[in-house]
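Report on the structure given below.
In my numbering, the protein residues as written are 393 to 662.
See the structure below:
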């Protein structure tokens, strides 16, 4: 059963919905928006349900109070983890991984609007998004090594090198140091640095994507992930099938008819 984007009232984050765009705001600003066991689970479930929620065309992920997310709450997550048995630890790490799986599997493009601190699981959620905007003060740190853990967390060793390259990813994951916004943009982690209101700019792009051919956008997102694992030859064949499928949509016909009539197409996602 899909969620109702117009009436959803999550417990552990803020939600707004307008013009086909859902905005998820992590909302513990006094602690720089850390995650808890419950907020991990609610985020995972929300992104999973978005796969069945056609009204939502694009998602913006951000944080309240000038920071994105400081990662797992030290007292509410890290402390309890030191006392868990092996099965409890594995349940937790699989749950956190399931959040990334849900973000990658939902058909909607996800745009992260990053300010200030973006660390640990926060850096992972930004990484798992499809596009990333940042303010000049954004500092992104995959700081797992600083708490005695590996950089192999929530898919970081698989996804981060594909965004910024193996060597740069290795440096960040081994050292846990912060990547500033300028580095992030040069390395391809951030699509752009926004001097003004980063959330407003992310939402503007989200609205533009939401007004586009959303079925085709979902295919693009799916193929960007699926083609990591195959040869170029197989990828070309996969794209031929995917594109032929898109050519059967009404949006494709609408685009042709609009072009012929010298007007802008009005896509409807079907």
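Note that CB positions come from ideal geometry on N, CA and C, so glycine has one too.
task = For the beta strand (DSSP E) containing residue 445, list its first residue and its last residue.
result = No beta strand (DSSP E) contains residue 445, which DSSP labels as neither H nor E.
inquiry  = Using only the alpha-carbon positions, how far apart do residue 644 and residue 396 sit?
reply    = 28 Å
task = Leaving out five residues on either side along the sequence, give the residues of the same chain with a beta carbon under 7 Å from the beta carbon of residue 458.
result = 507 and 508
ask   = Taking C-beta to C-beta, are residue 505 and residue 590 nearer than 8 Å?
value = yes
Closer than 8 Å to chain B by CB, residue 593 = No chain B appears in this structure, which consists of one protein chain only.
task = Within the stretch 585 to 618, note down every full alpha helix (DSSP H) run reaching 4 residues or more, in order along the chain.
result = 590 to 602 and 606 to 618
ask   = Tell me, which residues are paired with residue 409 by DSSP?
value = 414
key: residue 524, DSSP secondary structure in three states   = strand
task = Assuming residue 513 contacts residue 427 (C-beta within less than 8 Å), just tell me the rounded distance between them.
result = 5 Å
Straight-line gap, residue 470 to residue 464 (C-alpha atoms, nearest Å) = 7 Å
inquiry  = Measuring CB atoms only, is the stretch 431 to 449 touching the stretch 495 to 502, in the sense that at least three cross pairs come out at less than 8 Å?
reply    = yes
request  = Would you grab the beta carbon distance between residue 617 and residue 496 for me? Rounded to a whole angstrom, and I think it's under 8 Å.
outcome  = 6 Å
The beta strand (DSSP E) enclosing residue 571, as first and last residue numbers = 570 to 572
request  = Would you grab the beta carbon distance between residue 394 and residue 441 for me? Rounded to a whole angstrom, and I think it's under 8 Å.
outcome  = 6 Å
message = Using 8 Å as the cut-off, can you tell me whether the stretch 630 to 644 makes contact with the stretch 578 to 593, which would need three or more C-beta pairs spanning the two stretches below that distance?
response = no
request  = State the Cα-Cα distance for the pair residue 422 and residue 551, rounded to the nearest angstrom.
outcome  = 30 Å
query = Name the DSSP bridge partner or partners of residue 502?
reply = 451
request  = Would you mind giving the Cβ-Cβ distance between residue 580 and residue 556, rounded to the nearest angstrom? I have them listed as a contact below 8 Å.
outcome  = 6 Å
task = Could you pull the start and end residues of the alpha helix (DSSP H) that residue 509 belongs to?
result = That residue, residue 509, is in no alpha helix (DSSP H); its beta strand (DSSP E) goes 509 to 511.
message = Beta-carbon within less than 7 Å of residue 417's beta-carbon, same chain only, minus the 5 sequence neighbours each way: which residues are those?
response = 405, 406, 454, 455 and 456
query = CA-CA distance, residue 475 and residue 467?
reply = 12 Å
Sub-8 Å separation of residue 568 and residue 542 beta-carbons = no
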